[in-house]
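Each residue of the sequence shown is one higher than the last, beginning at 1 in UniProt numbering.
Encoded as C-alpha cells, the structure appears first; notes follow it.
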Amino acid sequence: MLRNSIETASNFGCRNRLPPKLKVQILAYMCLRFKAEGLNQQHLLEQLPKSICKNIYQHLFLPTVEKVYLFKGISKENLLIMVAKMKAEYIPPREDVIMQNEAPDDVYIIVSGEVEIINCENDKEEVVGTLHSGDMFGEAGALYCRPQSHTYRTKTLSQLLSLKTSALLDATHTKLEDYERMLKNIVQHQKKLKDLSIRELNGTMGKKRMTQTWLPNLFTVAGTGNAAFLDELLRARFDPDIGDSEGRTPLHIAASKGHEECVFVLLKHACNVHVRDKNGNTALWDAIASKHSTIFRILYQYAAVSDPHTAGDLLHCCKKR
C-alpha cells in the first residue's frame, strides 16, 4: 500500500514538474501519514467487547487524564466514564486538529508530541504557543459553547485522546459539583498562564473579549448557586446585568432557582432589579412564579426603594396573568 502511494505521488510530481524539494516534502509527508495510520489501533479496539476495551483504556490513558488540569478534583466515577468514551489516534505533523471559529465538537488531550496554537487574522497566521504531553485544548470552546478561538496544529507526530463535547457535558451534568469544579479549574489555569489575578486578566484582555469568553460562566455559576465564585467574578468587574439570548440576567436565573445567597451577591454588586426579559418578566416576578417567597421579599424591598411604582406594577401584572 505504501509502495503504491509513493509511486502515485512520484508520478504526480513528475507529471506536474514539481521542484525536487516539494517532491521530497510530499513523499516525507506520505511516509509519516502511513506511519501514523499504522500506529492507530482504534479499529482493533472497536472490535473488542466493551468491557475489555474499557479496561484497556483505563490502563493506557487514565494516568494521563488524571493529571490534566481540567479534571483535578473530579470524581473518579466521572473520570472513568469519560476515559471509556475517549478515542486515541496518532496525527502526522502539520495537521489542523481544530480550526479557528469552528464549532466545539471535541476536546483533546496530548499523550505525546507537540501541538501549536495558531491565531489566524486577516489571512495571516501567528504561532502564539506550543502545547506538550499532558496539555489539553478545545475545552474552553466546549464548556462555554463558543466557537474555537484558535487553530490547533500538530507540530510533530502526536498521539491525541479525543472526547466528544457532548460526552464531556453529559458526564459532568450528572454531578453539578464536577461541572463547577471544572469551571474553577479553567479560571485557575488562566490565572496561572497569565500570572495574573482575575481582575488583572479582565483588564488585560479587554471587556468585550472577556464578556464573550466568560459569559456562560456568570449564568452557570448563578444557576448552580455558587455564591462565592459568583462574587469573585463580579469583583473582577463583570457586568451583573448582562443578558442571555432570552434577555434574562444572572438575577433572573438566581431568583428562579431559589439561590438566595447569589441574589444577595448580585444586589451587593448593584445589579438592576428592574430589568425585564423578552417576556416582560423581572427577577421579582420570577421569584413569585417559582414560589421563592424569601427572595421575593428581598427583591421587593430593593425594587420599592428605587421605584415607588413597584407595588402598583406588580399588582397590575398579577391581575393580567
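For glycine and all other residues, C-beta sits at the position ideal for the given N, C-alpha and C.
Between the CA atoms of residue j and residue i - distance to the nearest angstrom
i	j	result
G206	F238	With a pLDDT of only 43 at G206, under the threshold of 50, the placement of this residue in the model should not be trusted, and no figure is reported.
I117	Y108	13 Å
K257	S293	12 Å
G225	L176	10 Å
C53	Q188	34 Å
K155	H132	10 Å
L196	T249	Caution applies to L196, whose pLDDT of 36 falls short of 50 and renders its modelled position unreliable; the value that the coordinates give is listed next. Each residue's alpha carbon lies about 28 Å from the other.
L266	I186	22 Å
L60	E66	12 Å
P92	I242	43 Å
A227	C262	5 Å
D231	L251	13 Å
L234	Q25	52 Å
S290	T220	18 Å
I198	I81	Per-residue confidence for I198 stands at a pLDDT of 43, beneath the threshold of 50, marking its modelled position as unreliable; the derived number appears in the next sentence. Between I198 and I81, the C-alpha separation is close to 32 Å.
A140	V273	31 Å
T64	L79	11 Å
R276	R297	18 Å
Y302	E246	24 Å
I253	F229	15 Å
L161	V111	7 Å
T130	G113	10 Å
A84	Y179	19 Å
G223	E260	11 Å
D307	A270	15 Å
T213	Q47	Only weak support is given to the placement of T213: the predicted model assigns it a pLDDT of 45, under 50, and the value that follows is read from those uncertain coordinates. Approximately 40 Å between the Cα atoms of the pair.
A88	L299	52 Å
L18	R94	20 Å
F71	P20	48 Å
G134	N279	46 Å
S75	K268	33 Å
G138	L62	19 Å
P49	Q58	14 Å
N202	A236	For N202, the predicted structure reports a pLDDT of 45, less than 50, and the residue's modelled location is therefore unreliable. A value from the coordinates is still provided. If I take the Cα positions, the gap works out to 7 Å.
T8	A167	40 Å
K23	E126	26 Å
G13	M136	38 Å
S10	L157	23 Å
I295	W285	10 Å
L39	S51	Unreliable placement is indicated for L39, whose pLDDT of 48 sits below 50; no coordinate value is reported for it.
A287	E77	35 Å
F264	M86	41 Å
residue 336	I56	Any answer about residue 336 is impossible in this case: the structure gives the chain only from 1 up to 321.
Per DSSP, the bridge partner or partners of residue i
i	result
V107	L163
S112	Q159
G129	I117
K87	S162
F137	Y108
Y152	I98, I117
K124	E121
Supposed close pair residue i, residue j - CB separation, criterion 8 Å
i	j	result
Q159	Y69	Wrong, their Cβ atoms sit about 19 Å apart, outside the cutoff.
A255	A283	4 Å
D244	K164	25 Å between Cβ atoms; not a contact.
L143	L183	7 Å
G73	R153	Between R153 and G73 the Cβ distance is about 31 Å, and since that is not below 8 Å, they are no contact.
V115	V128	So it is not a contact: roughly 12 Å between Cβ atoms.
Short CB-CB distance (under 7 Å) between residue i and chain B
i	result
A227	You won't find chain B in this structure, because it holds only one protein chain.
request  = Please confirm if the region 132 to 149 is in contact with the region 97 to 106, defined as three or more CB-CB distances below 8 Å between the two stretches.
outcome  = Judged by Cβ distances under 8 Å, the region 132 to 149 makes contact with the region 97 to 106, as three or more pairs qualify.
task = Evaluate contact between the region 122 to 135 and the region 160 to 179, counting only Cβ atoms and requiring at least three cross-stretch pairs below 8 Å.
result = With the cut-off at 8 Å, the region 122 to 135 and the region 160 to 179 do not touch.
request  = Mind listing, in chain order, the continuous alpha helix (DSSP H) runs of no fewer than 4 residues lying wholly within the region 257 to 315?
outcome  = As far as the region 257 to 315 is concerned, its whole alpha helix (DSSP H) runs of at least 4 residues are 260 to 268, 283 to 289, 293 to 306.
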